[in-house]
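Asks:
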Amino acid sequence: METPVEPKDFAEIVDTLIEAQAMLASSIYVDLVNLGLIDADAAGRRLHALGDIAASPLQRHPEVAAALGNRIRSYAEGFERAGPDRARPRARLRIVNGGKA
């Protein structure tokens, strides 16, 4: 059953979608950093570049594109504020047999 959406609710819906896209993109880089597959500086640079690409109004409404680009760049700045890689915990992977460690 469809629920009608009031025009006043569109801004909140769009903001939620923007946040979800930015969070998804940044969480991938967080995982890559935590697994030691990429360093935090490189992840921050790549997220900044992704933010610049997302801010292009070619695929989205200009205001939405700008908001998405800004949100992704804010996540990139989080990598810069986090400090050096050695300050981060390192993930250790191990083989699990039958779901038991």
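Our numbering applies: residue 473 is where the sequence shown begins, and numbers increase by one. Glycine included, each C-beta is placed from N, C-alpha and C at the ideal position.
Please report the straight-line C-alpha distance between arginine 518 and glutamate 484, rounded to a whole angstrom.
Replies: Their backbone Cα atoms lie some 28 angstroms apart in a straight line.
Asks: Hey, how far is the Cα of glycine 550 from the Cα of serine 528?
Replies: Rounded to the nearest angstrom, the two C-alpha atoms are 22 angstroms apart.
Asks: Taking just the CA atoms, how far does threonine 475 sit from serine 498?
Replies: One C-alpha to the other measures close to 31 angstroms.
Asks: Under DSSP, the alpha helix (DSSP H) around serine 546 begins and ends at which residues?
Replies: Residues 534-554.
Asks: Quick check on the burial criterion: 16 or more other C-beta atoms within 10 angstroms. Buried or exposed for glycine 508?
Replies: The residue in question, glycine 508, is exposed, as its Cβ has fewer than 16 Cβ neighbours within 10 Å.
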